[in-house]
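Written below as structure tokens is the structure these notes are about.
Protein chains in written order, with the working numbering: chain A, 1 to 346; chain B, 347 to 890.
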């Protein structure tokens with residue numbers, strides 16, 4: 001499959017400060033990629049470099065095998081054929097919804113333009129709002145207009161900059177799925193930027209975790225959660241705790257909660273001290289277990305309680321328990337470990 | 347966004363051309379002026395500085411209180427006559443300071459209606475009583491503040507109207523009353539606009555020649571005029587001008603830095619304004635506060651001018667007067683259009699490249715506004731005359747044809763001077779309008795295939811309609827009122843209204859200054875009214 005976007009060893013700097021450091025990203029046709037990271041990690045800067053708004057100081061960016069950025073040269077944004085959905089949507093307030101959609105279609109014939117606008121209006125379900133102005137629409141509708149406007153000229157890639165950040169939290173995941181469906185239906189390759197991992201999981205096929213300008217891991221949501229490449233990813237994605245352990249041999253690690261079996265993914269030296277990632281679902285509440293832990297905090301999650309437990313040694317782990325098992329803070333409960341994936345860091 | 351384009355060289359070129367007159371004048375700083383400068387420094391320079399500072403201080407306080415107060419009342423409160431004051435408060439803009447100086451001199455001097463009335467009521471005679479002298483420094487402050495406060499009013503009002511009501515509501519829910527909210531939220535939010543308006547008013551103050559000259563106050567401008575023409579010493583006059591430019595530069599730095607530190611973009615979602623209703627004493631106070639600048643800045647002088655005009659109407663000829671009007675309006679419209687186009691190029695150029703070369707270029711281009719029109723005129727005349735002479739010489743030696751005066755003494759020279767002088771007015775308005783367009787809109791345009799020029803034409807131009815019209819009309823009215831540069835540069839036999847009014851007043855024929863002054867005022871009125879309406883409408887830019 002051909003690569004639509006290829007970002008190789010790209011660095012971006014503002015003045016003397018490097019905000020993106022030798023990052024690689026590759027997207028195949030039709031996939032949705034995501035740059036995930038805390039605010040200030042450089043993800044938006046990287047997206048803007050792909051759009052052509054920021055020059056790069058190292059590496060190259062290719063769009064459909066065309067070189068668009070290299071140090072000292074940046075193809076202008078208007079010549080890249082990229083569609084962009086902005087955080088604040090950036091709808092043109094002086095134009096109607098239909099005029100906003102046809103904005104990028106100046107070179108099309110009037111008829112083709114009309115057909116495309118009608119088609120997009122239907123796609124995003126805004127046919128009735130065609131003649132309205134952006135300020136007359138709700139936030140969700142404005143976002144769909146922004147998406148449709150970016151898709152209208154059939155861009156080579158769709159870039160989305162925190163597209164759901166101004167939305168209600170409950171709406172975000174639903175909108176993310178809707179937007180994913182729309183993008184898939186238009187068969188566009190897309191790159192999304194977000195700090196919200198649930199949004200990333202809901203939308204993206206491939207996710208890259210960025211921190212302090214560096215790419216920590218590139219993979220599917222499943223991989224990031226269950227096979228984090230380093231401590232940062234382990235900590236940033238999902239919940240969990242790191243528990244001290246000792247490597248017995250290349251398949252076994254001894255921890256306070258017992259032995260963990262599994263293939264050692266990081267070629268750890270037998271006898272060395274490591275830290276093992278323990279997810280809340282790895283810790284099972286079992287009254288029969290000889291292992292006891294004290295409840296420090298609990299959070300009601302509907303079907304489950306999320307307990308923060310303190311072990312004998314003072315180490316903390318998280319534990320998910322069905323919510324009909326009620327325990328009070330300070331109570332001691334029996335737990336045992338049931339980990340499928342072994343993730344350990346030296 | 348780093349873009350390779352012609353914007354950066356274009357702005358720098360425009361700036362250099364516009365800076366030419368000032369550079370020429372500054373060039374003379376290096377020319378020794380001999381004893382004249384020594385003489386100035388030891389005698390009158392202290393007066394120039396202290397008088398100019400007092401003028402600025404007084405006018406600054408006056409325009410701030412008048413401009414911000416009336417802007418807040420008319421945009422955020424509800425009281426009887428609010429809708430009327432909203433546009434009527436702009437009326438004094440149509441009045442040049444020197445013209446209301448003539449009218450108040452006529453009104454308040456010994457033989458004027460006020461003192462005559464006073465004497466007839468009290469039975470006092472000559473020298474029996476003390477009466478404030480209008481032809482004084484406080485008098486000049488009053489004259490200038492009365493006609494310059496609309497700059498602050500206009501920009502402050504636009505800022506108040508574009509403020510998100512949510513922010514104000516938040517302040518109210520946090521326990522701040524309307525007054526506290528005004529001082530802690532609305533005022534700081536509007537500060538960039540207010541400072542912009544204030545710096546405009548103060549630049550006008552520093553550049554005023556007509557009023558201070560008529561009132562006999564020695565300031566930088568009268569000093570420059572006297573040194574240039576009276577003492578015939580160009581280098582010394584240029585050195586005075588350079589010192590004046592230091593004052594101006596402080597103003598510009600102040601304005602720029604305050605704007606840089608506070609780049610507020612208006613909120614996307616707009617609600618209709620809920621104005622705070624005022625009742626009883628508060629409503630009366632509001633009406634009174636808005637009535638004062640209107641009455642003294644416009645109505646009273648307008649009545650006086652009308653009275654004078656009626657007294658001289660019988661002996662006036664119509665045809666030459668129509669020519670005067672056509673000349674004035676044509677010049678003003680031409681200069682305003684030219685200034686607007688250049689302001690757009692410069693303002694948008696700075697948005698594209700907010701870095702040193704362009705930044706400096708734009709700042710330099712707006713310096714002309716504070717330079718007295720007279721000094722610019724000299725700075726224009728010297729290089730233009732030199733150019734004419736060179737061309738003439740070359741043409742004669744090559745083709746044996748004499749080309750004579752190509753540039754100097756033509757309308758082109760006058761237009762150029764106006765643009766140099768008033769570009770800042772257009773630029774400030776255009777830039778604060780552009781500043782309110784969120785940068786993501788530019789980027790959206792770019793990602794949809796527009797070049798930077800396309801963004802300017804298809805996104806900024808329609809969104810800036812209100813600001814562009816404002817800029818156009820501000821320059822229009824300013825050119826109409828301009829006096830000293832016109833006096834000096836007008837082509838032979840080419841008269842404008844301002845020149846006619848000045849000549850009559852200086853000849854102590856105040857009544858004869860009436861018709862031309864009244865015409866300047868009336869011509870200025872129409873754009874002022876259109877201006878006020880367009881601002882109200884540009885708030886609903888979405889509905890065409």
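Built from N, CA and C at the ideal position, the CB exists for glycine as well.
Expressed to the nearest angstrom, what Euclidean distance is found between the alpha-carbon atoms of residue i and residue j?
i: residue 813(B); j: residue 137(A); result: 26 Å
i: residue 88(A); j: residue 411(B); result: 37 Å
i: residue 870(B); j: residue 439(B); result: 8 Å
i: residue 118(A); j: residue 128(A); result: 11 Å
i: residue 368(B); j: residue 586(B); result: 13 Å
i: residue 375(B); j: residue 846(B); result: 34 Å
i: residue 774(B); j: residue 599(B); result: 14 Å
i: residue 525(B); j: residue 107(A); result: 54 Å
i: residue 532(B); j: residue 99(A); result: 35 Å
i: residue 215(A); j: residue 209(A); result: 6 Å
i: residue 756(B); j: residue 537(B); result: 42 Å
i: residue 584(B); j: residue 195(A); result: 60 Å
i: residue 824(B); j: residue 768(B); result: 7 Å
i: residue 57(A); j: residue 44(A); result: 16 Å
i: residue 91(A); j: residue 169(A); result: 22 Å
i: residue 838(B); j: residue 660(B); result: 28 Å
i: residue 53(A); j: residue 794(B); result: 13 Å
i: residue 445(B); j: residue 407(B); result: 22 Å
Quick one: what does DSSP say residue i is sitting in, helix, strand or coil?
i: residue 615(B); result: Interpretation of residue 615(B) is limited by its pLDDT of 40, a score under 50 that renders its predicted location unreliable; no figure is taken from the coordinates.
i: residue 135(A); result: helix
i: residue 255(A); result: strand
i: residue 377(B); result: coil
i: residue 26(A); result: strand
i: residue 14(A); result: strand
i: residue 457(B); result: coil
i: residue 767(B); result: helix
i: residue 708(B); result: helix
i: residue 88(A); result: coil
i: residue 408(B); result: helix
i: residue 752(B); result: coil
i: residue 305(A); result: strand
i: residue 196(A); result: coil
i: residue 528(B); result: helix
i: residue 58(A); result: strand
i: residue 8(A); result: strand
i: residue 574(B); result: helix
i: residue 717(B); result: coil
Apply the 10 Å Cβ neighbour rule to residue i and answer buried if 16 or more other Cβ atoms are within range, or exposed otherwise.
i: residue 615(B); result: Reliability of the predicted coordinates at residue 615(B) is poor, the pLDDT of 40 falling under 50, and the value obtained from them is presented with this limitation in mind. Its Cβ having fewer than 16 others within 10 Å, residue 615(B) is exposed.
i: residue 631(B); result: exposed
i: residue 579(B); result: buried
i: residue 222(A); result: exposed
i: residue 218(A); result: buried
i: residue 249(A); result: exposed
i: residue 576(B); result: exposed
i: residue 203(A); result: buried
i: residue 557(B); result: buried
i: residue 613(B); result: With a pLDDT of 45 at residue 613(B), under the threshold of 50, the modelled position of that residue is not reliable, and the figure given next carries that caveat. By the neighbour-count rule (16 or more Cβ atoms within 10 Å), residue 613(B) is not buried but exposed.
i: residue 312(A); result: exposed
i: residue 748(B); result: exposed
i: residue 370(B); result: buried
i: residue 559(B); result: buried
So residue i and residue j are in contact, right, with Cβ under 8 Å, and what is the actual spacing, rounded?
i: residue 395(B); j: residue 688(B); result: Between residue 688(B) and residue 395(B) the Cβ distance is about 33 Å, and since that is not below 8 Å, they are no contact.
i: residue 4(A); j: residue 64(A); result: 6 Å
i: residue 291(A); j: residue 334(A); result: 6 Å
Just checking: is the beta-carbon of residue i within a distance shorter than 8 Å of some beta-carbon in chain E?
i: residue 270(A); result: No chain E is part of this structure, whose protein chains are labelled A and B.
Scan the stretch 792 to 824 of chain B for residues whose Cβ lies nearer than 7 Å to a Cβ of chain A and list them as they occur along the chain. Going along the stretch 792 to 824 of chain B in chain order, one finds 792, 793, 794, 795, 796, 797, 805, 808, 809 with a Cβ nearer than 7 Å to chain A.
Against chain A: residues of the stretch 767 to 791 of chain B by CB proximity under 8 Å: Per Cβ criterion, the list reads 784, 786, 787, 789, 790, 791.
Looking at chain B, which residues of the stretch 140 to 172 of chain A have a Cβ within less than 9 Å of any of its Cβ atoms? Among the residues of the stretch 140 to 172 of chain A, those with a Cβ less than 9 Å away from any Cβ of chain B are 142, 146, 149, 150, 152, 153, 155, 159, 161, in the order of the chain.
Which of the residues in the stretch 38 to 72 of chain A, read from start to end, lie with their CB under 9 Å from any CB of chain B? Closer than 9 Å at the C-beta level to chain B, one finds these residues of the stretch 38 to 72 of chain A: 48, 51, 52, 53, 54, 55.
Interfacial residues, the stretch 172 to 191 of chain A to chain B, with Cβ spacing under 7 Å: Those would be none; no residue qualifies.
Residues within the stretch 282 to 305 of chain A neighbouring chain B, beta-carbon criterion of under 9 Å: Within the stretch 282 to 305 of chain A, no residue places its CB atom closer than 9 Å to a CB of chain B.
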